[in-house]
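The block underneath contains the structure these notes are about, expressed in structure tokens.
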Amino acid sequence: MKIEPLYDKTDFVTIQDYLSKCGVKDVDLWLKHKYLDGINNYANIDKFCKKLHNALTSKQKIYVLVDSDLDGFMSSSMFYVYCHSIYKDCCIHPIFHTGKQHGLDNVVMEEIKQYKPSLLVVLDAGTNDVKQDKELKSLGWDIICADHHEREKINPYCTLVNNQISTKVKNKSLSGTGVSWKVCKAYDTKYGFNYANGLISYVAIANVGDGMSFLTPENETFRYWGIKDIHNNLKPFVGDFNGYLMDNKSFSFGMVTNINSLIRLGTQDDKENLFYALCGKVEPKEIIGVCKKLHSKQSRDTKSLLEKDVDIIYNGKIILARVSKSTPLTGLVANKMMGEYNKPIILTQQDGEELKGSVRSPIDLKDILPSNLFNYNLGHQRAFGTSYQISNEKDIIDYIDSLESLPEPTQAVFMSLKTSDVPNYLFGFVDENKAYFGEGIPIPKVHFQKFGIYNKEIQLLGANQRTVKFHRDGIDFIFFNCTNKIKELLHLNDLSKKRVTLEFIGELGYNEFRGNKTKQCIIDMSTLDIHDYRIDFI
């Protein structure tokens, strides 16, 4: 792992400096929170609105495909709320996936074909469903789609609104919910309504949930105004999952992860209840409890799969691994493995002659993999779904072996410091500016250079003895969820004088307890990060 400090220890850094260093091109514009791409910059948006208007005014039954992630649920529930705001008696019928599929998969197609042809609305998906759209079109369906995924082939069978194909649109990092909001805003403008502005909190949360970059001034605008006025339908979720904390990190580890757990592991009834709760049609308390229960189950299942059911098929520049159980958790398991091995992970499960699953990588990888050996690689450059035939696996391994090298994963950090050299102002920097941090603008973390410590200086805290704490140079260093393996490496079961060398990345801040304010560093042990920790022995 290559450490890349953004600043020297002698630098005094402002939030404007940091935003610019992260890649915000116009910091002043970004900080005004007033930039939106014009709705007329979106290709086909007028045609989309006309088709929706015809269906609504003629009281057609409109079918909406609810894509199977938080962005999909937020876009479809927002669309449902919007349509019922302008036409209270409209008929919107949601269609749910049976698993973690996206777009018009075979099961969804069979369900749709049972209905009388009407208008099908596909949000946060559908851009490349050319074959399926052609078939539905031949049966009498009309398809309109608002999506943000890259187009791989021309689709003449649906009316597609997509920021990626709209040349005048600057923000290519908007979520599917964001593109769906643009359609609602265009409908407001065209037909004289004013409901879309009240729904931007759906977009703000979806941008976090789908890992959209916050380098763009538009996504910062959605974040700023969205959290100022959380929609009433969403307030119970934000309150329960986030404790009403409104920064992106709180959404990511609160509302987003809990809802995604239900989408992965919940029953069809659970998904339907979640959808209608997000629409404000059912009391959310019960479904919030289901989300929490399934989130706990997801954590247990992920750990169990890693320990018992994953086999390494090939360990080269890229790791190919297989999970023996059928599971919707391949993405989470692959993420854990990436943190452990610090390599790209292709984790699949067998389905007949097909291997399909998830890829997680510390470097941009999707475009490196040869398309002729894969059925598909769909998603983002570092996190995407994959499929290939078993018969191609040897050729894939040969291809990986033929690569001279892959780019070395690089961890950008705020500064690289000795524990004695931390500038005082850094401890307040995160708290003072935490609203601004998100994808592309990471929470500033400090790399602490190697230093030695005796194991008797390290404390184990908490009822389960899984919190580790030690004090050095006026700073409390803490990490949570310490595993037995790490305890063993630290010799915490043998408190004779044993000295270890530590090197890690951590997040600085202040801890206030009973009126006392102390400097602290939370050591980043999460396997979601590229570089977590390293322990060497002297």
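As numbered in my numbering, residues 24 to 561 make up the sequence shown, in order.
Just so it is clear, CB atoms sit at the ideal spot from N, CA and C, and this is done for glycine as well.
- Assignment of Asp496 by DSSP, reduced to helix, strand and coil, places it in the coil class.
- At a Cβ-Cβ threshold of 9 Å, Thr239 and Lys193 count as neighbours.
- Taking all protein chains shown into account, Ala344 has 16 or more neighbouring C-beta atoms within 10 Å of its C-beta and is therefore buried.
- Cβ neighbours of Pro351 within its own chain (closer than 8 Å, five residues either side excluded): Gly122, Lys123, Arg287 and Leu288.
- Under a 10 Å Cβ-count criterion, Gly277 is classified as buried, with 16 or more other Cβ atoms of the shown protein chains found around its own Cβ.
- At the C-beta level, Phe474 and Pro28 stay beyond 9 Å of one another.
- Using a C-beta cut-off of 8 Å, the stretch 290-305 makes contact with the stretch 93-109, since at least three inter-stretch Cβ pairs fall below that distance.
- Within the model, the alpha-carbon separation for Ser196 versus Gln187 is close to 9 Å.
- Burial state of Ser347 is exposed, judged by a 10 Å Cβ sphere holding fewer than 16 other Cβ atoms.
- Within the stretch 421-472, complete beta strand (DSSP E) segments of at least 3 residues are found at 433-436 and 438-440, given in chain order.
- In this structure, the beta-carbon distance from Val87 to Ile118 falls below 9 Å.
- Under the DSSP assignment, His116 falls outside any alpha helix (DSSP H), being part of the beta strand (DSSP E) whose first and last residues are Cys114 to Phe119.
- Counting the other Cβ atoms within 10 Å of the Cβ of Ile177 gives fewer than 16, which makes it exposed.
- In the DSSP assignment, Gly380 falls outside any alpha helix (DSSP H) and within the unbroken beta strand (DSSP E) covering Glu377 to Arg383.
- The Cβ atoms of Thr244 and Lys457 lie no closer than 9 Å to each other.
- Taken through DSSP and simplified to helix, strand or coil, Pro28 comes out as strand.
- Judged by pairs of C-beta atoms under 8 Å, the stretch 523-532 touches the stretch 443-455, as three or more such pairs exist.
- In the structure shown, Tyr477 adopts extended strand secondary structure according to DSSP, grouped into three states.
- Residue range Asn129 to Ile135 is occupied by the alpha helix (DSSP H) that includes Val130.
- The DSSP-derived three-state label of Lys160 is helix.
- Close CB contacts of Tyr247 within its chain, under the 7 Å cut and outside five residues either way in sequence, are with His56 (chain order).
- Spanning the alpha carbons of Ile481 and Lys521 requires a straight line of approximately 11 Å.
- In the displayed model, Asp170 falls within a strand according to three-state DSSP.
- Here the C-alpha atom of Thr442 lies approximately 17 Å from the C-alpha atom of Val491.
- Looking only at Val130, Ser236, Ser410 and Asn242, the smallest Cα-Cα distance to Lys205 is reached by Asn242.
- Annotation for Arg383: Ala357, Asn358, Met361, Ile368 and Ala406 place their beta carbon closer than 6 Å to its own, counting only its chain and skipping 5 residues before and after.
- Burial is judged here by how many other beta carbons sit within 10 angstroms of a residue's own beta carbon; Ile62 has at least 16 and is buried.
- In this chain, Ser273 is not harboured by any beta strand (DSSP E); it is covered by the alpha helix (DSSP H) spanning Asn271 to Phe274.
- Per the coordinates, the alpha-carbon of Pro465 lies some 44 Å from the alpha-carbon of Lys160.
- Excluding sequence positions up to five before and after Ile68, its CB lies within less than 8 Å of the CB of Ile62, Val184, Lys205, Val206 and Ala209, all in the same chain and listed in chain order.
- Out of Asp547, Asn256 and Thr280, the CA that lies nearest to the CA of Asn265 is found in Thr280.
- Going by beta carbons, His470 and Gln434 fall inside the 9 Å limit.
- If you draw a straight line from the Cα of Lys25 to the Cα of Asp34, it is about 21 Å long.
- Residue state for Cys181 is assigned as coil, using DSSP reduced to three classes.
- The alpha-carbon of Lys304 is positioned some 20 Å away from that of Val226.
- Restricting attention to Gly339, Leu317, Gln372 and Lys340, the CA atom closest to the CA of Asp332 is found in Gln372.
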